[in-house]
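There are 4 protein chains.
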Amino acid sequence: MLIVMDHNASAAQVRAVQEAVEAMGLQAAPIPGRERTAIGVLGNQGYVDDTAIRNLPGVRECIHVSKPYKLVSRDFHPESTLVEVGAVKIGDGHPPVVIAGPCSIESPEQMVAAARIARDGGAQILRGGAFKPRTGPHSFQGLGEKGLKYLRQAGDAVGMPVVTEIMRIEQLDAVCRYADILQIGARNMQNFDLLKEVGKCRHPVLLKRGMSATLEEFLAAAEYILAEGNSRVILCERGIRTFERATRNTLDLSVVPLVRELSHLPILVDPSHATGKRSLVAVMSKAALVAGAHGIMVEVHPDPAKALCDGAQSLDGEEFREMMGDIRALLSYLGY
Amino acid sequence: MLIVMDHNASAAQVRAVQEAVEAMGLQAAPIPGRERTAIGVLGNQGYVDDTAIRNLPGVRECIHVSKPYKLVSRDFHPESTLVEVGAVKIGDGHPPVVIAGPCSIESPEQMVAAARIARDGGAQILRGGAFKPRTGPHSFQGLGEKGLKYLRQAGDAVGMPVVTEIMRIEQLDAVCRYADILQIGARNMQNFDLLKEVGKCRHPVLLKRGMSATLEEFLAAAEYILAEGNSRVILCERGIRTFERATRNTLDLSVVPLVRELSHLPILVDPSHATGKRSLVAVMSKAALVAGAHGIMVEVHPDPAKALCDGAQSLDGEEFREMMGDIRALLSYLGY
Amino acid sequence: MLIVMDHNASAAQVRAVQEAVEAMGLQAAPIPGRERTAIGVLGNQGYVDDTAIRNLPGVRECIHVSKPYKLVSRDFHPESTLVEVGAVKIGDGHPPVVIAGPCSIESPEQMVAAARIARDGGAQILRGGAFKPRTGPHSFQGLGEKGLKYLRQAGDAVGMPVVTEIMRIEQLDAVCRYADILQIGARNMQNFDLLKEVGKCRHPVLLKRGMSATLEEFLAAAEYILAEGNSRVILCERGIRTFERATRNTLDLSVVPLVRELSHLPILVDPSHATGKRSLVAVMSKAALVAGAHGIMVEVHPDPAKALCDGAQSLDGEEFREMMGDIRALLSYLGY
Amino acid sequence: MLIVMDHNASAAQVRAVQEAVEAMGLQAAPIPGRERTAIGVLGNQGYVDDTAIRNLPGVRECIHVSKPYKLVSRDFHPESTLVEVGAVKIGDGHPPVVIAGPCSIESPEQMVAAARIARDGGAQILRGGAFKPRTGPHSFQGLGEKGLKYLRQAGDAVGMPVVTEIMRIEQLDAVCRYADILQIGARNMQNFDLLKEVGKCRHPVLLKRGMSATLEEFLAAAEYILAEGNSRVILCERGIRTFERATRNTLDLSVVPLVRELSHLPILVDPSHATGKRSLVAVMSKAALVAGAHGIMVEVHPDPAKALCDGAQSLDGEEFREMMGDIRALLSYLGY
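Residue numbers (the UniProt record's numbering), protein chains in the order written: chain A, 1 to 336; chain B, 1 to 336; chain C, 1 to 336; chain D, 1 to 336.
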């Protein structure tokens with residue numbers, strides 16, 4: 001940490017800051033400059049809580065050099081993490097995975113039809129939402145536990161592991177019983193209690209980036225899960241909120257190679273939620289894979305025009321098959 | 001709702017859209033134009049779920065005229081809502097309230113000292129956090145239920161109602177037992193399950209705006225609480241996330257008069273979290289009240305330099321007293 | 001400046017960085033830490049160009065402590081600047097000014113009618129746009145030099161100094177001939193050539209904040225003008241672009257007290273462009289003054305419904321008179 | 001256009017709006033609803049200026065269906081535009097182009113060395129900046145006209161056409177004399193006077209997206225150039241400003257396929273400015289090409305560590321050669 005003093009901070013104020021740093025068991029190295037003094041903080045392991053410093057008289061700002069995460073950092077864990085779900089492997093050195101399925105589970109028939117589209121197209125994992133976070137209370141909220149059963153049955157019917165979103169801690173038992181991977185949605189990325197609870201599970205966790213989360217906050221959210229003992233975390237970029245409304249969100253593909261530099265965890269991309277437009281899903285899926293994503297997650301539906309949720313971004317069987325053909329060609333170019 | 005067709009949509013596609021609208025029990029009024037056809041949707045009450053339409057061939061976009069909230073809208077409930085907490089009244093026609101207290105509850109002594117600062121300065125409601133949402137797991141997470149007790153004791157000692165944040169549904173009983181107002185924090189504004197549960201309580205709810213929530217989403221989140229039967233909701237603007245980092249968040253004061261136009265619910269402002277800078281708290285509090293806020297929520301701490309959380313934005317006793325003197329003068333100018 | 005090295009930077013890399021710093025005539029102070037080494041840079045006056053450092057092997061990031069401006073900084077010029085325009089004084093210790101007038105100059109009659117509204121309401125300075133930046137080329141682009149004449153005539157008729165926007169360097173002579181204050185619009189805040197040219201004038205410059213400019217960039221843009229010798233610069237906050245669309249822009253009022261801390265230049269607020277809504281102009285004007293603005297700039301028009309530009313945010317004579325009555329009461333509360 | 005009336009707008013207000021629409025020579029089609037009345041506007045060609053409507057009593061909002069651009073729209077010009085610069089062709093059906101060169105021109109030697117790197121790596125067009133927009137006035141501002149000569153000489157030496165940024169209208173003659181393509185930088189995307197002037201040239205124009213420009217504004221800016229008669233416009237996405245600071249800007253790759261849908265103009269991507277990080281340039285270049293970009297623009301420098309500008313994002317000869325090898329393999333996968 002670097003502590004920057006005010007232009008006109010007194011020598012006594014600088015001393016007081018040094019003492020406060022030393023009271024924390026750390027060393028303080030003053031760096032006098034022509035304009036102002038700065039004080040380097042040494043000896044810390046990981047992020048320093050600056051509370052006791054930031055408020056002292058004469059302190060202008062505290063600049064953090066260490067990050068609020070460590071367990072997820074590649075600095076301290078250079079080996080890439082491989083998350084295995086049944087026979088499916090997600091991570092470096094393995095072909096990217098494709099997760100496909102409907103935004104929401106609507107009926108056993110719809111779910112099985114979607115599962116067949118997913119499997120026939122070549123996806124490895126089936127998705128489907130039983131608990132749906134919706135902006136307003138008057139929209140369809142999902143089938144709940146009944147939906148979980150339909151998802152499991154559909155997954156078993158086609159022989160695919162399944163992933164579904166968990167929205168509250170009370171759902172944990174049920175979701176763990178029916179699903180192979182627990183998904184934390186963007187709106188819950190900083191629902192820290194939920195993160196802690198899934199951190200106590202042994203299920204892999206698919207953690208979606210919050211819509212206004214910085215990369216640092218995203219990795220710090222993952223740190224909550226690892227800190228509880230669960231290191232089977234799969235990150236997922238799904239677009240961030242910006243001023244641009246031509247797409248539903250702004251897909252921030254540059255974080256894919258950045259995450260690969262900074263962390264050992266695998267990272268997926270969800271082009272369906274990021275763009276909100278069916279016509280962009282296939283092309284942005286390919287861009288994501290070229291950017292280094294360990295997989296993609298896309299919405300498919302047997303009849304998107306009748307979908308109860310997010311039909312505008314869902315592919316039908318034909319579109320998914322066509323996209324997967326393209327992706328196979330791309331993977332072969334990428335060496336898989 | 002207005003459905004805008006593609007430039008080259010066929011007559012058959014327009015007809016198919018009309019039929020889909022009618023199948024929903026609504027009327028469709030085509031508006032042929034030189035560039036493209038649009039179709040007005042009539043007969044709906046409130047927001048129309050556009051799922052069955054948006055995905056039809058030839059549809060370019062669906063433009064919503066109705067909003068995803070109704071219960072919170074002044075259109076349908078012109079009378080302003082007054083929220084009463086003991087003797088304190090929050091809403092139109094009553095002097096703005098001041099909520100004050102520490103970011104986090106640290107000890108019985110700290111809590112009582114902060115309560116005295118709050119009361120002596122002239123605040124009406126005491127705040128304090130027992131459960132703390134923190135970016136990383138290695139920061140102080142709050143005292144939990146023990147903290148709730150300290151808060152209650154401090155409130156009783158100074159004769160003030162208390163407000164505290166609830167982070168998970170399991171905390172509901174405890175928080176309802178100890179607190180007079182339940183706070184939903186910015187990170188949980190779209191934790192819809194939590195919203196539904198507090199909607200079933202009889203306690204007033206202080207709902208903070210999410211850091212990337214539009215005003216429409218903010219009001220739709222409040223709608224979740226009202227839809228469950230609890231209409232004692234107090235909104236709170238606390239800054240939004242933008243590219244600007246000179247302040248912790250960007251205080252969006254213009255939503256104060258806008259909320260007063262669009263909704264009947266009272267709206268407070270939290271200048272401490274919005275700015276993150278002690279030197280801006282008093283001045284932005286006054287600006288908030290002039291903008292029409294029904295109150296403010298500020299952080300005070302007996303010794304900000306030793307605060308375990310957010311000390312940089314907390315006022316000490318002296319600063320709070322001085323600010324409240326200014327505010328009393330302002331209220332007298334405002335006619336209270 | 002603080003140079004942060006990679007976790008695994010070698011001793012040779014650290015040495016190379018030190019040498020590069022010393023080659024710039026500065027001192028390098030290594031700060032070894034447990035996780036990584038940082039290197040403090042000493043001896044610089046003002047902002048250090050980090051180009052020669054940032055790219056060296058082993059460097060993770062360069063953190064700037066000095067700012068890219070100095071002439072506009074209160075650190076080096078503690079005295080507040082007072083800008084005088086005829087008898088009007090803008091700055092600390094003087095009553096806030098009101099600049100009023102139409103968005104665009106449409107005709108001599110419209111301009112004189114608007115000027116009378118401005119004067120009768122109690123404004124001190126008249127505004128009007130002759131050159132209009134419009135999103136698309138098919139919208140009204142302003143009357144050009146003819147408009148400048150109408151503005152001057154209207155200003156003379158009511159005895160008020162006038163301000164108008166300059167969009168290109170070739171307009172400088174004409175604008176200087178007709179106007180008392182040169183306005184640089186938000187879209188030109190980083191039109192650095194234009195900034196340099198107005199920096200060579202002796203006219204005061206009203207510099208509007210760019211719609212995605214940080215406070216630091218805003219002040220650095222003003223630095224361009226001061227660096228050429230013109231220190232009569234008036235800053236103007238007019239809203240920034242964020243994800244929120246309920247208002248045209250997001251008025252960032254917190255920068256008003258921040259600018260007063262960081263700079264000696266006066267700062268105005270334009271609530272008309274910031275909110276884009278007539279119903280919010282008066283209330284946000286008052287909030288701006290309470291936040292410490294040295295004045296406001298508002299749009300008035302004799303017949304807003306017929307305005308060729310931005311009528312939705314313009315006040316008519318009646319509305320302006322009413323607002324100014326409120327503002328006089330507020331100024332008396334503020335001690336003017 | 002759709003005009004939405006207030007919930008409680010009177011019949012007289014609705015009638016007044018209808019009359020105002022008809023006074024514009026258009027038709028008004030009222031759509032009465034249960035909650036509120038809306039009025040469809042028919043008969044317009046292109047964007048309707050809503051000024052005379054938006055401000056009428058009882059009007060809540062005007063929703064535009066037409067866009068503020070037409071000449072750049074694929075709706076009215078389905079054929080893709082091909083921009084030819086000497087033997088280089090930019091647009092559909094031709095291999096993507098690579099523009100490479102230093103951020104700023106520093107000396108004849110540096111420029112020739114960079115040109116050789118560009119040519120030897122396989123780039124088709126040479127870039128280099130003679131006029132540099134910099135945040136603060138104390139940074140290197142470019143060599144000016146001398147730089148233009150060095151650029152031209154370097155281009156001639158390696159047989160490549162050259163592109164350079166123009167910052168002010170007075171530079172037009174000089175830049176046209178030395179350069180083959182005129183670049184409008186992000187900060188000038190809405191410098192409408194400059195757009196009009198380059199619209200009168202016969203040189204192709206490379207228009208970069210403003211850092212907070214929506215896609216609609218980006219296309220409307222191009223419309224300014226086409227409206228003056230110059231249709232040889234090449235768009236360039238270079239990242240937008242968001243809350244995320246892990247990269248310099250947020251590369252918005254999804255606009256690439258969107259621009260291809262909405263417009264007939266070619267679109268390039270600049271991964272150097274978008275990410276600001278050398279390690280991300282090659283990977284994001286490939287992602288851009290897979291997303292459908294008609295080319296990329298990257299910064300190369302013979303000695304990035306000594307670059308006077310933006311060295312952190314510049315590739316050296318070795319890195320560029322390696323990247324271009326990868327890109328050749330990718331182009332062969334893409335069928336070129």
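Think of the CB as a built atom: it goes at the ideal place given N, C-alpha and C, for glycine as much as any other residue.
> What number of angstroms, rounded off, separates the C-alpha of alanine 9 of chain C from the C-alpha of alanine 20 of chain C?
Replying inline: Counting from one through the third sequence, the residue named residue 9 of chain C turns up at place 9. Counting from one through the third sequence, the residue named residue 20 of chain C turns up at place 20. Between alanine 9 of chain C and alanine 20 of chain C, the C-alpha separation is close to 16 Å.
>> Quick test of your reading: glycine 95 of chain C and alanine 293 of chain C, contact by CB under 8 Å. State the CB separation rounded to the nearest angstrom.
In response: Stepping through the third sequence from its first residue, residue 95 of chain C is reached at position 95. Stepping through the third sequence from its first residue, residue 293 of chain C is reached at position 293. Sequence check: residue 95 of chain C is proline here, not glycine. Going by Cβ atoms, the distance from proline 95 of chain C to alanine 293 of chain C rounds to 12 Å, so no, they are not a contact pair.
> Under 7 Å Cβ-Cβ, which residues of chain D neighbour glycine 292 of chain A?
Replying inline: Translated into the one-based positions of the first sequence, residue 292 of chain A becomes position 292. Within chain D, the residues near glycine 292 of chain A are Val283.
>> I want to verify the contact list: residues of chain D whose CB lies under 9 Å from the CB of cysteine 236 of chain C, in sequence order.
In response: In the third sequence, the residue the question calls residue 236 of chain C occupies position 236. The premise fails here: cysteine 236 of chain C is roughly 18 Å from chain D at the closest Cβ pair, so nothing lies under 9 Å.
> Taking the continuous alpha helix (DSSP H) assigned at glutamate 322 of chain C, which residues delimit it?
Replying inline: One-based indexing of the third sequence puts residue 322 of chain C at position 322. Its alpha helix (DSSP H) spans residues 317-333.
> Which runs of the beta strand (DSSP E), 3 residues or longer, sit entirely within the UniProt domain "DAHP synthase ferredoxin-like" (1-67) of chain B?
Replying inline: 2-5, 27-32, 37-42, 59-63
>> In this structure, how does DSSP classify methionine 189 of chain B when only helix, strand and coil are distinguished?
In response: The residue you call residue 189 of chain B lines up with position 189 of the second sequence. Three-state DSSP puts methionine 189 of chain B in coil, outside helix and strand.
> Taking the C-alpha atoms as reference points, what is the distance between glycine 93 of chain A and valine 83 of chain A?
Replying inline: Against the first sequence, residue 93 of chain A aligns to sequence position 93. Against the first sequence, residue 83 of chain A aligns to sequence position 83. One C-alpha to the other measures close to 12 Å.
> Just how far apart, CA to CA, sit alanine 52 of chain C and cysteine 309 of chain D?
Replying inline: Taking the third sequence and counting its residues from 1, one reaches residue 52 of chain C at position 52. Taking the fourth sequence and counting its residues from 1, one reaches residue 309 of chain D at position 309. In a straight line, the C-alpha of alanine 52 of chain C is about 9 Å away from that of cysteine 309 of chain D.
> Where do the N-terminal and C-terminal ends of the alpha helix (DSSP H) with cysteine 176 of chain A fall, by residue?
Replying inline: Your numbering for residue 176 of chain A matches position 176 in the first sequence. Its alpha helix (DSSP H) spans residues 172-178.
>> Quick check: the region 127-139 of chain A against the region 204-223 of chain B, are at least 3 beta-carbon pairs closer than 8 Å?
In response: yes
> How about leucine 251 of chain A: is its C-beta nearer than 8 Å to some C-beta of chain B?
Replying inline: In the first sequence, the residue the question calls residue 251 of chain A occupies position 251. With 8 Å as the cut-off, leucine 251 of chain A does not count as an interface residue toward chain B.
> Which same chain residues, not among the five before or five after glutamate 216 of chain C, have their C-beta less than 8 Å away from its C-beta?
Replying inline: Taking the third sequence and counting its residues from 1, the one referred to as residue 216 of chain C is at position 216. The answer, listed in chain order, is Lys67, Pro68, Tyr69.
>> Output needed in chain order: residues of the region 135-156 of chain C with a Cβ under 9 Å from some Cβ in chain D.
In response: Thr135, Gly136, Pro137, His138, Ser139, Phe140, Gln141
> Under the DSSP definition of a beta bridge, which residues are partnered with valine 112 of chain A?
Replying inline: Taking the first sequence and counting its residues from 1, one reaches residue 112 of chain A at position 112. Note: valine 112 of chain A sits in no beta bridge, so no partner.
> Terminal residues of the continuous alpha helix (DSSP H) containing lysine 89 of chain D?
Replying inline: As a working note, residue 89 of chain D is residue 89 in the fourth sequence. Not the alpha helix (DSSP H): lysine 89 of chain D falls in the beta strand (DSSP E), residues 88-90.
> Nearest-angstrom Cα distance between isoleucine 63 of chain D and leucine 2 of chain D?
Replying inline: Mapped onto the fourth sequence, residue 63 of chain D falls at position 63. Mapped onto the fourth sequence, residue 2 of chain D falls at position 2. Isoleucine 63 of chain D and leucine 2 of chain D: Cα-Cα distance of roughly 5 Å.
> What residues in the region 204-217 of chain B bring their beta carbon closer than 7 Å to a beta carbon of chain A?
Replying inline: Met211, Ser212, Glu217
> Residues of chain B with a CB under 9 Å from the CB of isoleucine 240 of chain C: which are they?
Replying inline: Taking the third sequence and counting its residues from 1, the one referred to as residue 240 of chain C is at position 240. Per Cβ cutoff of 9 Å: Thr242, Phe243, Glu244, Thr250.
> Does lysine 306 of chain B come within less than 8 Å of chain A when only Cβ atoms are used?
Replying inline: In the second sequence, the residue the question calls residue 306 of chain B occupies position 306. It does; some Cβ of chain A falls within 8 Å.
> Going straight from the alpha carbon of alanine 157 of chain D to that of alanine 100 of chain D, what length do you get?
Replying inline: Numbered from its first residue, the fourth sequence carries residue 157 of chain D at position 157. Numbered from its first residue, the fourth sequence carries residue 100 of chain D at position 100. C-alpha separation (whole angstroms): 15 Å.
> At what residues does the alpha helix (DSSP H) containing glutamine 153 of chain D begin and finish?
Replying inline: The residue labelled residue 153 of chain D in the question sits at position 153 within the fourth sequence. Counting along the chain, the alpha helix (DSSP H) containing glutamine 153 of chain D begins and ends at 145-158.
> Within 8 Å (strictly less), CB to CB, does proline 95 of chain B reach chain C?
Replying inline: One-based indexing of the second sequence puts residue 95 of chain B at position 95. By this cut-off, proline 95 of chain B is not an interface position.
> Who does cysteine 236 of chain D pair with in a DSSP beta bridge?
Replying inline: In the fourth sequence, the residue the question calls residue 236 of chain D occupies position 236. The partner list for cysteine 236 of chain D (beta bridge, DSSP) reads D:Lys208, D:Leu268.
>> Counting only C-beta atoms, is isoleucine 255 of chain C closer than 8 Å to chain B at any point?
In response: Sequence index remark: in the third sequence, residue 255 of chain C carries index 255 (1-based). According to the sequence provided, residue 255 of chain C is valine. The question's isoleucine does not apply to it. It does: the Cβ of valine 255 of chain C has a partner Cβ on chain B nearer than 8 Å.
> Counting contacts by CB-CB distance shorter than 8 Å, is phenylalanine 320 of chain C in contact with chain D?
Replying inline: Here residue 320 of chain C corresponds to residue number 320 of the third sequence, with the count starting at 1. No, phenylalanine 320 of chain C does not count as interfacial toward chain D.
> What first and last residue would you give for the alpha helix (DSSP H) that runs through methionine 284 of chain D?
Replying inline: As a working note, residue 284 of chain D is residue 284 in the fourth sequence. It spans 278-290 - the alpha helix (DSSP H) in which methionine 284 of chain D sits, taken as one unbroken run.
> Going by alpha carbons, who is nearest to lysine 277 of chain B out of C:Pro257, C:Ala11, C:Asn188, C:Tyr336?
Replying inline: Sequence index remark: in the second sequence, residue 277 of chain B carries index 277 (1-based). Taking only the C-alpha atoms, the option nearest lysine 277 of chain B is C:Pro257.
>> I'd like the list of long-range same chain contacts for threonine 250 of chain D, defined as Cβ closer than 7 Å, with 5 residues on each side in sequence excluded.
In response: As a position in the fourth sequence, residue 250 of chain D is number 250, starting the count at 1. Result list for threonine 250 of chain D: Gly239, Ile240, Thr242, Glu244, in chain order.
> Using Cβ-Cβ distances below 7 Å, what residues of the region 48-65 of chain A are close to chain C?
Replying inline: Ile63, Val65
> What are the partner residues of serine 263 of chain A, as DSSP defines its beta bridges?
Replying inline: Here the question's residue 263 of chain A lines up with position 263 in the first sequence. DSSP lists A:Ser73 as partners of serine 263 of chain A.
> DSSP puts valine 163 of chain B in a beta bridge; with which residues?
Replying inline: Within the second sequence, numbered from 1, the residue matching residue 163 of chain B stands at position 163. B:Arg127, B:Ile181.
> Are leucine 334 of chain D and leucine 268 of chain D touching if we call contact CB-CB under 8 Å?
Replying inline: Within the fourth sequence, numbered from 1, the residue matching residue 334 of chain D stands at position 334. Within the fourth sequence, numbered from 1, the residue matching residue 268 of chain D stands at position 268. No, the pair does not count as a contact, with Cβ atoms beyond the cut-off.
> If you compare alpha carbons, which of B:Val163, B:Ser104, B:Leu265 is closest to alanine 123 of chain B?
Replying inline: Locating residue 123 of chain B in the second sequence gives position 123, counting from the first residue. Ranking the options by Cα distance to alanine 123 of chain B, first place goes to B:Val163.
> Exposed or buried, aspartate 180 of chain B, counting other C-beta atoms within 10 Å across all chains shown (16 or more means buried)?
Replying inline: Taking the second sequence and counting its residues from 1, one reaches residue 180 of chain B at position 180. Buried is the call here.
> If we ignore side chains and look at the alpha-carbon of each, how far apart do histidine 301 of chain D and arginine 187 of chain C end up?
Replying inline: Position 301 of the fourth sequence, counted from the first residue, corresponds to residue 301 of chain D. Position 187 of the third sequence, counted from the first residue, corresponds to residue 187 of chain C. If you take the alpha carbons of histidine 301 of chain D and arginine 187 of chain C, they lie about 31 Å apart.
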